[in-house]
Amino acid sequence: MWSNARGLRPIIADELVRDDALAALSRYSLLQMGDEGQWGMHQLVQAVYRDQMGEAEAREWIVAVGQWLAKVYQFDYYEMETWPAAVRLLPHLQAAVALAEQWGVEHEEIRGLINMVGLYLQHDGQLQEARVYYERHLALTEKMWGAEHLAMATSLHNMGNLLENMGELAEARPYTERALAIYEKEFGAEHLDLAPTLHSMGGLLESMGELAEARPYVERALAIHEKELGPDHPATATSLNNMAVLLNNMGELAEARPYYERALAIYERELGAEHPSTAATLSGLSILLQEMGELAEARPYAERSLAIREKVLGAEHPETANSLNNLAVVLAYLEEYPEAVRLMRRAVAIREEKLGSDHPQTEASRENLAAMEADLGEL
134 MWSNARGLRP IIADELVRDD ALAALSRYSL LQMGDEGQWG MHQLVQAVYR DQMGEAEARE
194 WIVAVGQWLA KVYQFDYYEM ETWPAAVRLL PHLQAAVALA EQWGVEHEEI RGLINMVGLY
254 LQHDGQLQEA RVYYERHLAL TEKMWGAEHL AMATSLHNMG NLLENMGELA EARPYTERAL
314 AIYEKEFGAE HLDLAPTLHS MGGLLESMGE LAEARPYVER ALAIHEKELG PDHPATATSL
374 NNMAVLLNNM GELAEARPYY ERALAIYERE LGAEHPSTAA TLSGLSILLQ EMGELAEARP
434 YAERSLAIRE KVLGAEHPET ANSLNNLAVV LAYLEEYPEA VRLMRRAVAI REEKLGSDHP
494 QTEASRENLA AMEADLGEL
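Under the numbering used here, the sequence shown has 322 at position 189, and the numbering climbs by one with no breaks.
Pasting the structure below:
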């Protein structure tokens, strides 16, 4: 076996030498090839090699693995074709992070892996699990770079965004405000990197009921995206969608509709008809149409949103619960109470498990369910 990580690099770089090495290891049953051409090492063999390493060698290997994983892990929320590879690599990222913590390795690549794991877990609806990684990332970033470094802004933004999703709004606010302050100090008021945190700040204020205060943040993000990325970029569509949600919540229904429709057209064209972003805008448009009294038109949007999220995100994802709740409300307005109750019960169960019984969305679904069950009982 090679003595250190540096000794492995020339072997990996030469395809013929690498294949010979893999074949030799396979003959001794130290590696096995999986069904999809992927090489694997039994956990017991891994443990033996780790036990034989000294501390310095183990730390060097952890950094080398972190560098390789950071290079090959290419998860992108907008690009769904990157998701399957991310799912396969995620356990390796988590293992590398755990070993780094065990050996006290504090390296930039490991810090990056911690953030990658947190982002994927949040995307997958595992919010409590994501929080653990975000907290570690924030602590390590501050230790390595200091409280006011630009690297802190990303970590603070992610933590604030997650806490907002978890319904912990008051706790989320200082993280988002600190992130935005760092970005603005570093880049000024109109840099592209500000836009996601402007979105988060606007969404947070909106969730706290401060709609008028939220609007300038959402408008700034939209202006930045249109200027820097153009009118047809998926990120611009996200800004359009967020503007539509805010206008809807402010009661400006007619003004909200063209923002939803523009966002939907961009998402369908650029990301496809079955992307979760498409589903989010379909759901928002359905809610808008409900409030405009156009129930027959609202229903197919709500049904499409649910179908996409169940297929792409799974039946137990928090975003699937959003679509279940939305479609159930449409059906209740249409007086289709048995199906509305069935869907709302699913939404309540998912939200209680994924978000907790005290989350505002869980409480809203429970209230909706109680009203629907009462109407069904009357019938």
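Each residue gets a CB set at the ideal place from its N, CA and C atoms; glycine is no exception.
- Annotated three-state conformation of E212 is strand, per DSSP.
- The beta carbons of H366 and A328 sit no closer together than 7 Å.
- M334 and T309 do touch by the CB rule: their CB atoms are close to 5 Å apart, below 8 Å.
- Non-local C-beta neighbours of S498 in its own chain, meaning closer than 7 Å and more than five positions away in sequence, comprise N458, M477, A480, V481, R484, ordered along the chain.
- In the assembly as shown, E427 is an exposed residue. Its beta-carbon has fewer than 16 other beta-carbons within 10 Å.
- Here V250 really is in contact with Q227; their C-beta atoms are around 6 Å apart, less than 8 Å.
- A distance below 7 Å separates the beta carbons of L362 and T369.
- Here Y316 is near A286, since their CB atoms are less than 7 Å apart.
- Looking from the CA of A356, the closest CA among A345, L344, T371, E346 belongs to T371.
- In the three-state DSSP reduction, Q259 falls in the coil class, being neither helix nor strand.
- Annotation for S456: S416, S438, L439, R442 place their beta carbon closer than 6 Å to its own, counting only its chain and skipping 5 residues before and after.
- In this chain, the alpha helix (DSSP H) harbouring P433 covers 428-445.
- Non-local beta-carbon contacts of E394 in its own chain, meaning distances under 8 Å to residues more than five positions away in sequence, involve L418 in chain order.
- L344 is not a Cβ neighbour of N374, given a cutoff of 7 Å.
- Contact between K487 and L252 is absent: CB atoms are separated by about 17 Å, not below the 8 Å threshold.
- Out of A406, Y466, L460, the CA that lies nearest to the CA of V445 is found in A406.
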